[in-house]
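Trainee:
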Amino acid sequence: MIKVGLVGVGGTVSIARMHLKAYLKDPRVSLVAIYNRSQAKAIKLVEEFNLDAKVCNSYEELLDLVDVVDICTPNYTHYEFAYKAIAKDKHLLLEKPMTVSLEEAESLRKIAASSKRVQMLGFSYRYATVVEEMKKIISENFQNIYTVNCLFGGKRLSNPEVSLEWRMLKSLSGSGAWGDFGSHLLDLIHYLTEEEFTEAIKFSQTFIKERKAGESTGFVENDDATAVILRSNKMIGTFLVSRVGAPEMNIQIAGDGGLVKASMENPNRLEFHPKIIGGPYTGEVIIKEYREDNSLWIKRQIKHFIDCIIEQEKGYATIEDGYYVQKLLQTAETNLV
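Under numbering that gives the first Met the number 0, read the sequence shown as residues 0 to 336, first letter to last.
Below, the structure is given as structure tokens:
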């Protein structure tokens, strides 16, 4: 039985709860420990799910009890928790983005290189059926990718009444919409195309510049929306991410094998316009729909994580993949227009 420790129980956006539910459905694992800086929240979670798990007084106590560490904490804590887990020879599932700086990412990359444990990044969109189908179409029909266009948004923070939170502060979150949504998109395009962008130019804007902070107000430091143009030796891409827009995710990839589109709405929709390599578009349009949401993707991710530990499976998002994403996030930050 693999012993799992959950670090962070979630707040406004509770990824931790989805991870927890997935672990509870897997008979190969036992959730034995939870650590949260607010111990009362951890106790409440244990009581809500009737868990036979120890609420730890420290992170170090949790590390002594488990084989696996699952980190679902705010971005600024990722590096410290992940580094200690790797140093203690634990398997690791780390939510994205990997760190808040490239320096931290380089440090994790260095220590992970000497570890034989599984270290997976929480890029859960890889586990959507529409993404797997898109990857299959690209691998079977494309030799070269020309262009990539991506849109990813959320609408919760479009409400000016939402109070100032850690996601809006550079020291705690790193970047804003770009790091939050852009990290998923950068990983997905890397996964789908197996190509790496090397150049980026970023345009960012903060539309709601002040928010409630207790009895006064505080300044928002991070971007509400960002547009990025990226380039590699073989392809160019545009990314638009927004925390103050419609909650949708669309990806469009064109190349010598045609045009393929994916929408992550419910239902997820895949649309493929085949093209003869060296010739014209065929005129055919292939459309598929899948009714599933991110709770199912996370369940698949957790299963794959445990499969990788037990059966030494590959194909997961690694620390190296997380480093690539962090490097591009940083590249865009230093080329801000």
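The beta carbon of each residue, even a glycine, is placed where N, CA and C say it ideally should be. All values derive from a computational prediction rather than experimental measurement.
1) Is it the case that the Cβ atoms of Ser241 and Gly175 are separated by a distance below 7 Å?
2) Let me confirm a value: Asn35 is counted as buried when at least 16 other C-beta atoms fall within 10 Å, else exposed. Which label applies?
3) Tell me the rounded alpha-carbon separation between Glu209 and Asp222.
4) At which residues does the beta strand (DSSP E) containing Phe218 begin and terminate?
5) Measuring straight from C-alpha to C-alpha, what distance separates Thr205 and Ser113?
6) Distance, Cα to Cα, Gly213 vs Glu160?
7) Rounding to the nearest angstrom, what Cα-Cα distance links Tyr58 and Val68 in this structure?
8) Would you please state the rounded distance, in angstroms, between the beta carbons of Ala226 and Lys154? I believe it to be under 8 Å.
9) Would you check if there are 3 or more beta carbon pairs closer than 8 Å linking the region 294-313 to the region 14-29?
10) Could you tell me if Tyr280 is buried or exposed, where buried requires 16 or more neighbouring beta carbons within 10 angstroms of its beta carbon?
11) Roughly how many angstroms lie between the CA atoms of Ala331 and Arg230, to the nearest whole one?
12) My guess is that Asn143 and Asp320 are in contact by the Cβ rule of under 8 Å, so how many angstroms apart are they, rounded?
13) When you compare the region 99-117 with the region 32-46, are there three or more beta-carbon pairs, one atom per stretch, that lie closer than 8 Å?
14) Please state the DSSP three-state secondary structure of Gln142.
15) With respect to the alpha helix (DSSP H) encompassing Glu198, which residues constitute its N-terminal and C-terminal limits?
16) Tell me whether Leu19 sits in a helix, a strand or coil according to DSSP, three-state version.
17) So, for Thr128: in the same chain, excluding its five sequence neighbours on each side, which residues have a beta-carbon less than 8 Å away from its beta-carbon?
18) Thinking just about the alpha-carbon of each residue, which of Ile305, His303, Asp306 and Lys83 is nearest to the one in Leu61?
19) How should Ala32 be labelled, buried or exposed, when 16 other C-beta atoms within 10 angstroms of its C-beta is the threshold for buried?
20) Count Cβ pairs between the region 107-125 and the region 194-202 that sit closer than 8 Å; are there 3 or more?
21) Compare the Cα-Cα distances from Leu239 to each of Lys169, Ile137 and Met248 and report the closest residue.
22) What is the DSSP secondary structure of Ala253, reduced to helix, strand or coil?
23) Just to confirm before moving on: does the CB-CB distance between Ile70 and Val8 stay below 7 Å?
24) Give the list of continuous beta strand (DSSP E) stretches no shorter than 3 residues that lie fully inside the region 36-94.
25) Taking only heavy atoms of the ligand ATP into account, decide whether any of them is closer than 6 Å to the Cβ of Ile70.
26) Sorted by chain position, which residues of the same chain lie with C-beta nearer than 8 Å to Glu312's C-beta, five sequence neighbours on each side aside?
27) Please report the residue range of the alpha helix (DSSP H) in which Phe304 lies.
28) Spatial neighbours of Glu350 within its chain, please: C-beta separation below 7 Å, excluding the five flanking residues on both sides.
29) Thinking C-alpha only, which one of Ser29, Arg299 and Ala261 is nearest Lys135?
30) Which of the three DSSP states, helix, strand or coil, is assigned to Leu239?
31) Throw me the rounded Cβ distance for the Ile250 and Glu270 pair, which I believe falls under 8 Å.
32) If you draw a straight line from the alpha carbon of Asp25 to that of Ile1, how long is it in whole angstroms?
33) Going by the CB atoms, is the gap between Ile275 and Leu191 shorter than 7 Å?
34) Please classify Asn74 as buried or exposed, where buried requires at least 16 other C-beta atoms within 10 Å of its C-beta.
35) Tell me, please, which residues DSSP counts as bridged to Asn148.
Mentor: By the coordinates alone:
1) no
2) buried
3) 12 Å
4) Here the beta strand (DSSP E) through Phe218 covers Ser215 to Phe218.
5) 41 Å
6) 12 Å
7) One C-alpha to the other measures close to 10 Å.
8) Actually they do not touch by this definition, with Cβ atoms about 18 Å apart.
9) Taking 8 Å as the limit for Cβ pairs, the verdict is that the region 14-29 does touch the region 294-313.
10) exposed
11) Taking the straight line joining both Cα atoms gives about 11 Å.
12) Contact flag wrong, Cβ pair sits at about 22 Å.
13) no
14) coil
15) Per DSSP, Glu198 is not a residue of any alpha helix (DSSP H); the beta strand (DSSP E) it occupies stretches across Glu198 to Gln204.
16) helix
17) Asn267, Tyr289 and Glu291
18) Lys83
19) buried
20) The region 107-125 is not in contact with the region 194-202.
21) It is Met248.
22) strand
23) No, Cβ-Cβ distance for Ile70 and Val8 is not below 7 Å.
24) 67-70 and 90-93
25) Questions concerning the ligand ATP fall outside what the structure shown contains, since it holds no ligand whatsoever.
26) His303 and Asp306
27) Boundaries of the alpha helix (DSSP H) around Phe304: Asn293 to Glu310.
28) Because the chain in this structure spans residues 0 to 336, residue 350 falls outside the shown range and cannot be described.
29) Ala261
30) strand
31) So it is not a contact: roughly 11 Å between Cβ atoms.
32) 10 Å
33) no
34) buried
35) Thr237 and Gln251
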